[in-house]
Amino acid sequence: MITDVGAFPPLRPWQQAWRLLAAAALGVVLWMLTAAQVPPGVGGPRVQWMIIGDPLVALVCLVALLWRRRFPVVIAIGVIVASTASVLAGGAAILALCSLATRRRPAETAVAAVLSVLTSLLTADLYPRREVPEPLWLLLSFPILMVGIVVAVGAAVGARREEVRSLREQVESAEREQAARAGEARILERHRIAREMHDVLAHRVSLVAMQAGVLGHRPDLPADQVAELARGIADGSHQALEELRDVLGVLRASPDDLEPPQPSLADLPALVANARALGLDVSLAATTAGEPPDAIARTVYRIVQEGLTNAGKHAPGARVAVTVEGEAGAGVRATVRDSGASRRIAGPPASGFGLLGLAERVALAGGELDHHPAPGGGFVLAARLPWPVREGSE
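Position one of the sequence shown corresponds to residue 1 (full-length UniProt numbering), numbered consecutively onward.
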């Protein structure tokens, strides 16, 4: 039920105009029917009032209807009472009653409806008539029927307005919710892109920087080792550029395009071999019973990649042990442990977001990430990921 006077939107000028014109036209019809009942040749104050005063009162009532939405009860009661002295104001009284009924407040509408019936009885004897007055029950029948129709129409209009207003609010709420979801999706997509950029490029660029650091701090290296490091820098730079193109290709691709192949556990030996070729002493022990889901396998690969990258940055010359073990139902555990730096060199600048992005990636996969210095020296990066049992595998 509508309880707010300002719940309805304001009427446009043309909407206001046609309502007032309809009320005026209905009043003119009632006035002409009443004038036709006046006996010929009858004069006096009442006939003069019918010609002069009646239209003036009706005009005032029509003007007052302009404020019926701001002051609905006052305007409706005032116009209905004023229609007692003006047949021509009957149309304005009907419009005022209908407008009040659209608010769907039974108490206010009932008072105005009863008052409308009473004023119609008083208006019936306002001017002289040629015919014999009808019985009281007949005089009441038509006003009650008319008032009932007006109130029903007003209530229906009010219900329709309330429904439209409710639908409009639902649409606006849905639009706000959609905008919020779109904003959240953009933030999540930015985080995903940041993780992919770091996972794909940070490892490669860190190894290139490590090789360049060796060249800068070891001027006594033999020519063949310098040439090998230079080739490694060139190859690493080329691979980093290719991987950057792959990432940008994914960002530019349409939803229908196929995604490029994603790394899995089968790519771990190649990742470790690449790290060995760049001077890291890495051992790999992978003992998984079966193949985990793609998302879990990809996350394990990123964990090992980040661990090797950090070992190359912060623990040059260290021995690095990579272990991956697990089975369906028991989960997967990936650990990268280094023995600590054997020499001190100025490492490449750290982005500071590697472990943060990795923790978010592991959390999205439903796992737990742990990283801490080892008691005997070195650093440990470990993660435990779920590996659900597929249906029909038992």
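For every residue, glycine included, the Cβ atom is placed at its ideal position computed from N, Cα and C.
Which residues DSSP lists as bridging residue i, in chain order
{"i": "residue 402", "result": "Past the boundaries of the shown model lies residue 402; the chain is included only from 1 to 394, so the question cannot be answered."}
{"i": "G331", "result": "E327"}
Residue i - containing beta strand (DSSP E), residue span
{"i": "T288", "result": "281 to 289"}
{"i": "D370", "result": "368 to 373"}
Own chain residues within Cβ distance below 6 Å of residue i, not counting five before or after
{"i": "A382", "result": "T335, D370"}
{"i": "R276", "result": "V282"}
{"i": "L308", "result": "A275"}
{"i": "L221", "result": "none"}
{"i": "L88", "result": "G27, W31, D54, P55, A58"}
{"i": "D256", "result": "Unreliable positioning characterises D256 in this predicted model, as indicated by a pLDDT of 47, which lies under 50. A coordinate reading is not provided."}
{"i": "G378", "result": "D338, S339, G340"}
Expected contact under 8 Å - CB spacing of residue i and residue j to nearest Å
{"i": "S86", "j": "V57", "result": "4 Å"}
{"i": "L284", "j": "P269", "result": "7 Å"}
{"i": "I75", "j": "R68", "result": "4 Å"}
{"i": "G91", "j": "L30", "result": "7 Å"}
{"i": "T84", "j": "T109", "result": "With 8 Å as the limit, T84 and T109 do not qualify as a contact, their Cβ atoms being about 19 Å apart."}
{"i": "L65", "j": "A25", "result": "No, L65 and A25 are not in contact; Cβ-Cβ is about 14 Å, not under 8 Å."}
{"i": "I149", "j": "S116", "result": "Not confirmed; about 12 Å, so no contact."}
{"i": "L139", "j": "L167", "result": "That belief does not hold up - the Cβ atoms of L139 and L167 are roughly 44 Å apart, past 8 Å."}
{"i": "L62", "j": "L20", "result": "6 Å"}
{"i": "L355", "j": "Y301", "result": "16 Å between Cβ atoms; not a contact."}
{"i": "A230", "j": "V208", "result": "11 Å between Cβ atoms; not a contact."}
Limits of the unbroken alpha helix (DSSP H) element including residue i
{"i": "P269", "result": "268 to 277"}
{"i": "P106", "result": "106 to 124"}
{"i": "A365", "result": "Careful: A365 lies outside any alpha helix (DSSP H) and carries neither H nor E."}
{"i": "D294", "result": "294 to 314"}
{"i": "G90", "result": "90 to 101"}
7 Å CB neighbourhood of residue i in its chain, flanking five on each side removed
{"i": "G53", "result": "none"}
{"i": "residue 395", "result": "Within the shown structure, residues of the chain are numbered from 1 to 394, placing residue 395 beyond reach of any answer."}
{"i": "E325", "result": "T287, T288, R333"}
{"i": "V153", "result": "C98"}
{"i": "T323", "result": "A285, T335"}
{"i": "R384", "result": "G331, R333, G367, E368"}
{"i": "P128", "result": "V38, P39, V42, R46"}
{"i": "A112", "result": "A76, I77, I80, L97, L100"}
{"i": "A295", "result": "A365"}
Close-in-space but distant-in-sequence residues of the same chain around residue i (CB under 8 Å, 5 per side omitted)
{"i": "S206", "result": "T309, G312, K313, P348"}
Every unbroken alpha helix (DSSP H) inside the segment 37 to 79 [4 residues or more] | 45 to 48, 54 to 64
Runs of beta strand (DSSP E) wholly within the segment 222 to 246 (minimum 3 residues, chain order) | none
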